[in-house]
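Presented below is the structure to which this report refers.
In this note's numbering, the protein residues as written are 33 to 261.
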C-alpha cells in the first residue's frame, strides 16, 4: 500500500468539503476520482500533495504519516509526489526546459543530474525540439506534455492529475490519455487522476472512486462502476 487515507475531513469557512473519507491505494494503481464539480476531488488531491492539511484524520504515504489531525508533518517537496494542475500552471516567462527544471532546483538536484533527467523526460514525451519554447508558443497538447514532464522529472512515487485535459478537444484528449497511460505503465508509477468525465475515467482507471458532496459513494473496477452507474 502506498497511500492510506484514514477518516479525513476538510472544511472551508465551516462548510464541509471532505467528510470522513477513507481510502487505501496500492502501488501501481491508476485511481480515478470521478465526480461533479464541487464534490471535493481537487481538495483531496491538494491534501495528498501537501498544499493544505486535513482538519481531521490521517494521511500516510509510503508508510510515513504526512499529515495528522490538522497538522502537516511532511512538507510537499518531501512527499515524493508530482502534480499536474487543471490550469497546468506553467511559468509563462520560462522556457519548457526551465519549467521542467523548476522542481529539480527546489529539491537541490545538481545541475549535471538535472540536465540528464530533463533530456530523458523530454525524449519520453517527444518534446525535445520544443525545449527552448515558451508556453505561449506551444499548443494546448504540447503545454500538457510539458506540465506532465515537470511532474515526472522529480521521479515521484505518486502522480496526481487534476482534470488536466478538460480544456482540450475530444480527439486530442484521447491522444493524451493514451500517452499518460503509456508513461504510467512504463514508469510503474501510482496515479491518482481527477475527472468529472465518465469516459475519461473508464479509459484510464484500474479502479474508480465515485465522490459526491465530499463523500465516497462507491469504489470498484471499471466494469463494476459501469454497472453501478
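Note that the Cβ used here is the ideal one computed from N, Cα and C, for glycine as well.
- Between residue 79 and residue 42 a beta carbon distance of about 7 Å is seen, short of the 8 Å cut, so the two are scored as contacting.
- In the three-state reduction of the DSSP assignment, residue 185 falls in the coil class.
- In the DSSP assignment, residue 148 falls within the unbroken alpha helix (DSSP H) covering 143-156.
- The Cβ atoms of residue 114 and residue 98 lie no closer than 8 Å to each other.
- In the three-state scheme derived from DSSP, where H, G and I count as helix and E and B as strand, residue 240 is classed as strand.
- For residue 216, the uninterrupted alpha helix (DSSP H) segment begins and ends at 202-219.
- Going by C-alpha positions, residue 37 is about 34 Å away from residue 142.
- For residue 127, no beta strand (DSSP E) run applies, since DSSP gives it neither H nor E.
- Within a 10 Å sphere around the beta-carbon of residue 207 sit fewer than 16 other beta-carbons, which makes this residue exposed.
- DSSP places residue 52 in the uninterrupted beta strand (DSSP E) bounded by 47-57.
- Residue burial annotation: residue 177 is buried, with at least 16 other C-beta atoms found within 10 angstroms of its C-beta.
- Each residue's CA atom was taken as its position, placing residue 118 and residue 194 some 5 Å apart.
- For residue 95, the closest alpha carbon among the candidates 34, 199 and 175 is that of 34.
- By the criterion of a C-beta distance shorter than 7 Å, residue 226 is surrounded in its chain by 65, 73, 74, 77, 193, 194 and 195, once the five residues flanking it on both sides are discounted.
- Exposure of residue 152 is indicated by the presence of fewer than 16 other C-beta atoms within 10 angstroms of its C-beta.
- Inclusion of residue 111 and residue 100 in the CB contact set at 8 Å is not warranted, their separation being larger than that value.
- Just measuring C-alpha positions, the residue of 48, 106 and 126 sitting nearest residue 162 is 126.
- Inter-residue distance for residue 53 and residue 242 is about 12 Å (C-alpha atoms, whole angstroms).
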